[in-house]
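Below: the structure, in structure tokens.
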Amino acid sequence: MSAAPPPAAGLAPADVDLRTRFAGKTLATPLLAASGCFAYGQQFAAFTDLRRLGGLVTKGISPAPRFGNPLPRICETAAGMLNSIGLENVGVDAFLADKLPFLRDLGISVWVNFFGTDFESYVECAERLSVGEGIDVLEMNISCPNIKKGGIEFGTVPEVAHRLTKACVEATLLPIVVKLSPNAGDIVGMAQAVAEAGAAGVSLINTITGMAIDVRKRRPRLATTYGGLSGPAIKPIALRMVHQVAKALPELPICGIGGIMSGEDALEFLMAGARTVQVGTALFAEPGAIARITDELRSLMAELGIPAIDAAVGVLEAIPPEPAYAG
Amino acid sequence: MSAAPPPAAGLAPADVDLRTRFAGKTLATPLLAASGCFAYGQQFAAFTDLRRLGGLVTKGISPAPRFGNPLPRICETAAGMLNSIGLENVGVDAFLADKLPFLRDLGISVWVNFFGTDFESYVECAERLSVGEGIDVLEMNISCPNIKKGGIEFGTVPEVAHRLTKACVEATLLPIVVKLSPNAGDIVGMAQAVAEAGAAGVSLINTITGMAIDVRKRRPRLATTYGGLSGPAIKPIALRMVHQVAKALPELPICGIGGIMSGEDALEFLMAGARTVQVGTALFAEPGAIARITDELRSLMAELGIPAIDAAVGVLEAIPPEPAYAG
Amino acid sequence: MSAAHFAATVESRRDLGGGYFILSLHTDAPAPIEDTVPGQFVMVRGDWGRDLLNPRAFSVLEVDGAQRLAILAKIFGRGTARLAAAEPGEPMTVTGPLGRGFAAPRAGCTQLLVAGGVGLPPLLFQARRAAENGRPKAVEMLYGGRGRDDLVLVDQLDAWGTPYALATDDGSVGREGRVTLLLEERIATAKAAGEAIEILACGPTPMLAAVRTIGLAAGVATYLCLEENMACGFGVCLGCAVPVHGPRPYRYCCTDGPVFDAEEVRWP
Amino acid sequence: MSAAHFAATVESRRDLGGGYFILSLHTDAPAPIEDTVPGQFVMVRGDWGRDLLNPRAFSVLEVDGAQRLAILAKIFGRGTARLAAAEPGEPMTVTGPLGRGFAAPRAGCTQLLVAGGVGLPPLLFQARRAAENGRPKAVEMLYGGRGRDDLVLVDQLDAWGTPYALATDDGSVGREGRVTLLLEERIATAKAAGEAIEILACGPTPMLAAVRTIGLAAGVATYLCLEENMACGFGVCLGCAVPVHGPRPYRYCCTDGPVFDAEEVRWP
Ligand SMILES: Cc1cc2nc3c(=O)[nH]c(=O)nc-3n(C[C@H](O)[C@H](O)[C@H](O)COP(=O)(O)OP(=O)(O)OC[C@H]3O[C@@H](n4cnc5c(N)ncnc54)[C@H](O)[C@@H]3O)c2cc1C
Ligand SMILES: Cc1cc2nc3c(=O)[nH]c(=O)nc-3n(C[C@H](O)[C@H](O)[C@H](O)COP(=O)(O)OP(=O)(O)OC[C@H]3O[C@@H](n4cnc5c(N)ncnc54)[C@H](O)[C@@H]3O)c2cc1C
Ligand SMILES: Cc1cc2nc3c(=O)[nH]c(=O)nc-3n(C[C@H](O)[C@H](O)[C@H](O)COP(=O)(O)O)c2cc1C
Ligand SMILES: Cc1cc2nc3c(=O)[nH]c(=O)nc-3n(C[C@H](O)[C@H](O)[C@H](O)COP(=O)(O)O)c2cc1C
Ligand code: FES
Ligand code: FES
Chain A
172 MSAAPPPAAG
182 LAPADVDLRT
192 RFAGKTLATP
202 LLAASGCFAY
212 GQQFAAFTDL
222 RRLGGLVTKG
232 ISPAPRFGNP
242 LPRICETAAG
252 MLNSIGLENV
262 GVDAFLADKL
272 PFLRDLGISV
282 WVNFFGTDFE
292 SYVECAERLS
302 VGEGIDVLEM
312 NISCPNIKKG
322 GIEFGTVPEV
332 AHRLTKACVE
342 ATLLPIVVKL
352 SPNAGDIVGM
362 AQAVAEAGAA
372 GVSLINTITG
382 MAIDVRKRRP
392 RLATTYGGLS
402 GPAIKPIALR
412 MVHQVAKALP
422 ELPICGIGGI
432 MSGEDALEFL
442 MAGARTVQVG
452 TALFAEPGAI
462 ARITDELRSL
472 MAELGIPAID
482 AAVGVLEAIP
492 PEPAYAG
Chain B
172 MSAAPPPAAG
182 LAPADVDLRT
192 RFAGKTLATP
202 LLAASGCFAY
212 GQQFAAFTDL
222 RRLGGLVTKG
232 ISPAPRFGNP
242 LPRICETAAG
252 MLNSIGLENV
262 GVDAFLADKL
272 PFLRDLGISV
282 WVNFFGTDFE
292 SYVECAERLS
302 VGEGIDVLEM
312 NISCPNIKKG
322 GIEFGTVPEV
332 AHRLTKACVE
342 ATLLPIVVKL
352 SPNAGDIVGM
362 AQAVAEAGAA
372 GVSLINTITG
382 MAIDVRKRRP
392 RLATTYGGLS
402 GPAIKPIALR
412 MVHQVAKALP
422 ELPICGIGGI
432 MSGEDALEFL
442 MAGARTVQVG
452 TALFAEPGAI
462 ARITDELRSL
472 MAELGIPAID
482 AAVGVLEAIP
492 PEPAYAG
Chain C
3 MSAAHFAATV
13 ESRRDLGGGY
23 FILSLHTDAP
33 APIEDTVPGQ
43 FVMVRGDWGR
53 DLLNPRAFSV
63 LEVDGAQRLA
73 ILAKIFGRGT
83 ARLAAAEPGE
93 PMTVTGPLGR
103 GFAAPRAGCT
113 QLLVAGGVGL
123 PPLLFQARRA
133 AENGRPKAVE
143 MLYGGRGRDD
153 LVLVDQLDAW
163 GTPYALATDD
173 GSVGREGRVT
183 LLLEERIATA
193 KAAGEAIEIL
203 ACGPTPMLAA
213 VRTIGLAAGV
223 ATYLCLEENM
233 ACGFGVCLGC
243 AVPVHGPRPY
253 RYCCTDGPVF
263 DAEEVRWP
Chain D
3 MSAAHFAATV
13 ESRRDLGGGY
23 FILSLHTDAP
33 APIEDTVPGQ
43 FVMVRGDWGR
53 DLLNPRAFSV
63 LEVDGAQRLA
73 ILAKIFGRGT
83 ARLAAAEPGE
93 PMTVTGPLGR
103 GFAAPRAGCT
113 QLLVAGGVGL
123 PPLLFQARRA
133 AENGRPKAVE
143 MLYGGRGRDD
153 LVLVDQLDAW
163 GTPYALATDD
173 GSVGREGRVT
183 LLLEERIATA
193 KAAGEAIEIL
203 ACGPTPMLAA
213 VRTIGLAAGV
223 ATYLCLEENM
233 ACGFGVCLGC
243 AVPVHGPRPY
253 RYCCTDGPVF
263 DAEEVRWP
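These protein sequence lines map, in sequence, to chains A, B, C and D.
Each residue of the first sequence is one higher than the last, beginning at 172 in this note's numbering.
Each residue of the second sequence is one higher than the last, beginning at 172 in this note's numbering.
Each residue of the third sequence is one higher than the last, beginning at 3 in this note's numbering.
Each residue of the fourth sequence is one higher than the last, beginning at 3 in this note's numbering.
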């Protein structure tokens, strides 16, 4: 034969439909930029076409501006990095006035990540963000590994997360997607608690608390001693949590996050049960990573004969059992 | 000047004292081979001088032999690997008869990792191993991510771990070191629970539950879907847990484990508060890794002017605070 | 175990097209390379940092004295892609030779070497040894691949005088169809002639499964050289379990194999 | 921002001894290289797999048209070690030029360029620009290092006619002692002569802290080119915070700097 035949299952990449529905809206692709890795978007305009994103999640917003932690705030680890930025942000007012208009005009899905320093300020933040036009989702960050007050219990005790989610859901008409902490012992219990409180979905996972030491200086590499681990190192843990939650709560929309660097990584998360995914750390080395990953995902789905996102989400089969052992 | 002066703090490597005390015994070096990564030791004799080890931890032993999980059982991930071996082992009787004599004769510290499939069989296992001559430590594995029955609660609920530890401590005269699961939400609570139950120390950490997906086959890469993540990817998480436990329970001896590949990695764990460390995954690519890491640790300690292990354990200082911000 | 863990350097890399390449490694370390039996393998790893942790398993293709060995590999994932870009002088670490290889041909019994794709190296090594021992016709190679690009090093069989037959899925070389077609016909001929044969096979798992079924049905002794994911290669990680019949449900590809009796393997 | 993210290849690597090397990069992509201001930097990353995730920051040493730029680096950790082994033709990705550089010398005011070790590149670039603009003496380099090996590319200053003075800790070249000694003396001379000067400094943080103290005490305008751990280099990760006085406690090394007014920096 003169030309290699197309793979049996083959589709033209252009025929793959990347649209996905999440929290009542349709996104052009399942790929969003992750919170804290995209700031408020403007910086990326120099490097990439922002309209190629399915959506973006802003840096976490709190009612008042925050200035963040002392330095050093970041360090690299094997296939990952630690950060203790400290949830620095411009605050609700400056966000609505100065940052949101730019994002709204992009025509992609806009998710605003938010948090408070205590119960009341979470609710206040959700309430005050609700007036913002062009916000599709409020992503509630209950992990907050880097702030001292409140953070821990919100993110690790299901009853506390339930109460907090309920109060925020009642404070806004926007869908609330809760971003869960992998530091929780029982991720399914957490997902269930926030789902029952009215969350429109969950984002999985935030960074995992970690540490690195500079043995020459006899000091931690971060001023806060501990920081959040992100990058490919955590991908297996993130995938496992997505899969556990998808199995236990098949109706709950999941946004998968953790170490995504390629179209294949993104497809792993979709197959584990996520309907959207976020890309974080990969954006630092490659500001145009999401456009590349989108192209890779499209080609890979075409190659594998998967015509649409729905046909990928949660399609995992078990490995066929071995023939019985008769001794 | 014609010759470079030695670094100010310099020591001759030969003058560094690598001995460390753990659970009432002295080890020649703080470096042990980790459970499941060294089998019962014999295979390594072809590649390395086993007497260069501070000690070794056997594959986990259960009262009866176990055959392990279906395949595939392992796969690689970024800077790590997943395994679901299924705690395959020869069982107590065969271990004592066929494996222990070889280990005893090496003259290094012998730790026997053990587990049961329920409360009673844990106690039974501790009891039956106690007759073995030449065992220094029983390392109790309460993580068991790969066995179905019992595993989870033992490793994640402090009260359950307390009861189990207490029963095993009472069943043997050997020191019991409890190997904790990083999947527990509250690692300090777990350490405290087993310390109060009489554990002579804790080993931190076992593998973290993770997952990988083969998108072409639409299947998990492991037959058991989930497996345990090990290797450099988990080092920041392991270091953090060691540091947390060392801070909270300064008297409790800690054996640090997770992604150690170099002398510098080992020293990070010592500085975080561990008195011994274990090397696991590194042994697969380099059966002589521990001898190399020992040499590197010795040289590095010499270079940094650290004369002995005690002078390294838990010596971390905080990063000096920034000058106050006056606005 | 007569294996060693040693440093080596890439002596040369020869690209064969279709993603196949031969990597020749040289070592100055004392290593029991010379005693390698066809079917034995080595674990190879380059200076890959902390990303690709574990070495990769490759059957030994050929040894030359105590200091040189070659492998034949095909680009599959990250590790083989790195090896395919290795330049002369690049440092590698090698553990081996590991595992149990094939038995040498017995007098009066022809070994049919059934090779599929990248399963060629141990069988080509077996053919080379037979030729070196002056008995090139004690073995016969049945070699199949998807197309022309998948059949490499056939010229060596010509040079040694090893009998062989080829098959390709696309009919570009040799018989059109699976290599198992050649095997079935060859078994039939042997049966008809009362000729003593045994089967040695290496290749993709579906091919090995088919060879096993054919061999067992025909009552011909059949040995399969298997591949399982390996982390260590020397019996420690227990990752490379092979489901078997017998006193225990699993044996290990790296230490009990990679060559297994087809009867023993617990496959559907 | 007039920066780009682009593919480049290593054109050459020149080793200078003592772990120092110059890497020349070439790109065919449209990149605003030509407009680079001394003090600006680039983020550089090779094909490093998933182990070393983030690019590394390097001051631009020199640009040549729109397609060539060079950096001068010293082996420090894993990333710089990889770069130090890069061969011509090796692919890199570059983001840049980034940050805010030094102001050009003003008429009648001499810029003292205080360089320590690997802090040389932005200041050497500043000196080069001054020379290219026909005003080599608008700047004066005060260059210090631990020993002879730490003082590189001094011949370029000679060629341009840039005034300079050297200092080494071990006295192997120039004045024995810290570069700040040279600075203190030079400030004293300038004061005595009523000469207008300003200070531009780049080097290890302890050196910069000393320069800052000296500059502030003498009432001389002082600009420091700082290094902080960076993940992105373009204002997104917020990793590279610099503690400052003023309306907010932190500004960012990558977007507000790397050049900061010494008065602004909140250091002890
Ligand atoms: C005993 C034995 C002999 C082999 N001989 C050869 C040979 O001569 N030539 C050749 O090209 N290949 C051979 N293989 C297969 C070779 O080991 C794999 O192709 C290679 O490991 C793939 O690595 P990768 O990094 O390119 O792929 P990746 O998919 O990136 O590898 C990821 C992981 O999966 C494992 N893995 C993937 N595929 C296989 C496989 N088929 N078998 C075992 N582990 C796998 C790898 O070891 C690695 O740990 C042999 C395998 C075994 C077990
Ligand atoms: C604006 C700027 C300009 C620089 N210019 C130069 C230059 O011209 N020549 C040169 O040799 N070096 C320069 N550096 C320092 C250079 O970036 C570091 O030496 C390099 O990042 C070390 O990387 P590594 O992988 O070798 O070390 P590793 O310790 O392995 O690096 C690990 C991590 O720490 C970060 N890191 C380590 N040291 C530094 C440091 N001093 N500054 C910032 N991040 C660091 C790295 O970016 C990386 O993320 C500059 C730094 C900055 C911020
Ligand atoms: C520098 C940095 C800052 C981050 N800031 C936030 C934040 O403000 N809010 C939040 O919910 N997550 C934050 N994250 C977590 C990411 O959104 C994401 O969950 C995590 O990094 C895992 O994805 P990745 O591996 O693709 O980076 C931050 C991560 C990084 C690396
Ligand atoms: C293949 C494999 C098998 C293991 N088996 C056991 C075991 O039987 N019992 C146990 O307590 N830990 C077991 N472990 C965990 C290791 O002892 C160690 O805690 C973990 O691998 C982290 O260390 P590392 O990153 O150095 O590998 C196993 C790990 C691996 C990779
Ligand atoms: S590969 Fe480790 S036991 Fe076989
Ligand atoms: S390096 Fe990322 S904000 Fe400066």
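Beta carbons: idealized from backbone N, C-alpha and C, even for Gly.
{"Item": "So which residues on chain A does D/C227 lean against when the C-beta distance must stay under 8 Å?", "Value": "Within 8 Å Cβ-Cβ: nothing; D/C227 doesn't reach chain A, min ~17 Å."}
{"Item": "Is DSSP giving A/L271 helix, strand or coil here?", "Value": "helix"}
{"Item": "Could you have a look at D/L115 and say whether DSSP puts it in helix, strand or coil?", "Value": "strand"}
{"Item": "Are any of the Cβ atoms in chain C nearer than 8 Å to that of A/E493?", "Value": "yes"}
{"Item": "May I ask you to check if the CB of C/C255 is nearer than 7 Å to at least one heavy atom of ligand 5?", "Value": "yes"}
{"Item": "How is the alpha helix (DSSP H) around C/Q158 delimited, first residue to last?", "Value": "156 to 162"}
{"Item": "Can you list the residues of chain B that D/P270 reaches, using a CB-CB cut of under 9 Å?", "Value": "P491, E493, P494"}
{"Item": "Is A/A456 near ligand 6, with its Cβ less than 7 Å from a heavy atom?", "Value": "no"}
{"Item": "Any heavy atom of ligand 4 closer than 7 Å to the beta-carbon of B/P283?", "Value": "Per the sequence shown, residue 283 of chain B should be read as Val rather than Pro. No."}
{"Item": "May I ask you to check if the CB of D/V120 is nearer than 7 Å to at least one heavy atom of ligand 2?", "Value": "yes"}
{"Item": "Does the beta-carbon distance from A/G225 to A/P201 come in below 8 Å?", "Value": "yes"}
{"Item": "For B/F215, does the three-state DSSP call read helix, strand or coil?", "Value": "helix"}
{"Item": "Beta carbon of B/A205: closer than 7 Å to some heavy atom of ligand 5?", "Value": "no"}
{"Item": "Against chain D, does B/A249 count as a neighbour if the rule is that its beta carbon must be under 8 Å from one of theirs?", "Value": "yes"}
{"Item": "So which residues of chain B does D/D49 contact, with C-beta pairs closer than 8 Å?", "Value": "The premise fails here: D/D49 is roughly 15 Å from chain B at the closest Cβ pair, so nothing lies under 8 Å."}
{"Item": "May I ask whether a heavy atom of ligand 6 can be found less than 7 Å away from the beta carbon of D/V238?", "Value": "yes"}
{"Item": "What's the call for D/P40, buried or exposed, on a 16-neighbour Cβ count within 10 Å?", "Value": "buried"}
{"Item": "Give a yes or no on contact between the segment 109 to 116 of chain D and the segment 24 to 41 of chain D, applying the rule of three or more CB pairs nearer than 8 Å.", "Value": "no"}
{"Item": "Excluding sequence positions up to five away, which residues of its chain have a Cβ less than 7 Å from the Cβ of C/A83?", "Value": "I77"}
{"Item": "Looking at ligand 6, does it come within less than 7 Å of D/G241, judged from the CB to the closest heavy atom?", "Value": "yes"}
{"Item": "Say whether chain A places a C-beta atom closer than 8 Å to the C-beta of D/T95.", "Value": "yes"}
{"Item": "Does any residue of chain C have a CB that is nearer than 8 Å to the CB of D/D30?", "Value": "no"}
{"Item": "How far does the beta strand (DSSP E) with A/F209 in it extend, from its first residue to its last?", "Value": "First-last for A/F209: undefined, no H or E at that position."}
{"Item": "Note down, in chain order, all residues in the segment 49 to 82 of chain C with a beta-carbon under 7 Å from any beta-carbon belonging to chain A.", "Value": "R52, D53"}
{"Item": "In chain B, which residues lie with their C-beta within 9 Å of the C-beta of D/P124?", "Value": "Residues of chain B passing the Cβ test: none, with the nearest at roughly 25 Å."}
{"Item": "Suppose you measure from the CA of B/A250 to the CA of C/W162; what does that come to, to the nearest Å?", "Value": "44 Å"}
{"Item": "Start and end of the alpha helix (DSSP H) containing C/I189?", "Value": "181 to 195"}
{"Item": "Taking Cβ-Cβ distances below 8 Å as the criterion, which residues of the segment 223 to 257 of chain D are in contact with chain B?", "Value": "P245, H247, P249, P251"}
{"Item": "Measuring only from the beta carbon, is D/G235 closer than 7 Å to any heavy atom that is part of ligand 6?", "Value": "yes"}
{"Item": "Closer than 8 Å, Cβ to Cβ, to anything on chain B: give me those residues from the segment 432 to 452 of chain A, in chain order.", "Value": "E435, L438, E439, M442, A443"}
{"Item": "Listed from N- to C-terminal order along the chain, which residues in the segment 185 to 218 of chain C have their beta-carbon within a distance smaller than 7 Å of any beta-carbon of chain B?", "Value": "none"}
{"Item": "I'd like to know whether the C-beta atoms of D/G221 and A/N254 end up nearer to each other than 8 Å.", "Value": "no"}
{"Item": "From the DSSP output, in three-state form, read off B/P178 for me.", "Value": "In this prediction, B/P178 scores a pLDDT of 46, lower than 50, which makes its location untrustworthy; no coordinate-derived value is stated."}
{"Item": "Quick check on the burial criterion: 16 or more other C-beta atoms within 10 angstroms. Buried or exposed for D/T191?", "Value": "exposed"}
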